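Residue numbers (the numbering used here): -11 to 132.
No residue lacks a Cβ here, since even glycine has one placed at the ideal position from N, Cα and C.
Note that the structure is predicted; figures quoted are calculated from it, not measured.
Heads up, the thing below is written out as structure tokens.
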């Protein structure tokens, strides 16, 4: 009984804010803590805003490409580690744990410094022309 009560409390703790956000997104009041009546005005404004639609489209593209690239790279890494023995295999295996071990804020700061300062060096060394933008955001999501 105690376990089921704890499970329910954990689910409420995690999902109640999402449920409240969803419910209050239909409220007519600008104050998010008061119910002002039902409305779809916020969704209409979102649909009419060109900049918000463009941001949503960009976010979906970044999510889509990050997922595709991550799945392909992860599958290839898993196949290589499972099927082959090669020099540096243990190091390669250990490197795969870095995104899990390194704290999120530290990883974000490292990405910021790399893209702000190191991108020009990488472009000159490898002859690439990667610029700051959607490609670097996607790369950061793949690495994360």
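Identify which residue in 94, 109, 115 and 116 has its Cα closest to the Cα of residue 128. 94
Which residue or residues does DSSP assign as beta-bridge partners of residue 15? 26
Within 10 Å of its beta-carbon, does residue 126 have 16 or more other beta-carbons around it, so buried, or fewer, so exposed? Using a 10 angstroms sphere on the CB of residue 126, the tally of other CB atoms reaches 16 or more, which defines it as buried.
Hey, how far is the Cα of residue 40 from the Cα of residue 86? 34 angstroms
Could you give the residue range of the alpha helix (DSSP H) that holds residue 63? Here the alpha helix (DSSP H) through residue 63 covers 38 to 71.
Whole alpha helix (DSSP H) runs in the segment 82 to 128 with 4 or more residues, listed along the chain? 86 to 89, 92 to 101 and 107 to 114
Between the segment -7 to 0 and the segment 11 to 28, do three or more beta carbon pairs fall short of 8 angstroms? The segment -7 to 0, when compared against the segment 11 to 28, does not touch it at the 8 angstroms Cβ threshold.
Apart from the five residues on each side of it in sequence, which residues of its chain come closer than 7 angstroms, Cβ to Cβ, to residue 53? The residues are 126.
Output yes or no for whether 7 angstroms exceeds the beta carbon distance between residue 67 and residue 81. Cβ atoms of residue 67 and residue 81: not closer than 7 angstroms.
Measure the CB-CB distance between residue 103 and residue 73 and report whether it falls below 7 angstroms. no
Closest residue to residue 122 among 48, 32, -9 and 22 (Cα-Cα distance): 48
Rounded distance between the beta-carbons of residue 107 and residue 118, thought under 8 angstroms: 6 angstroms
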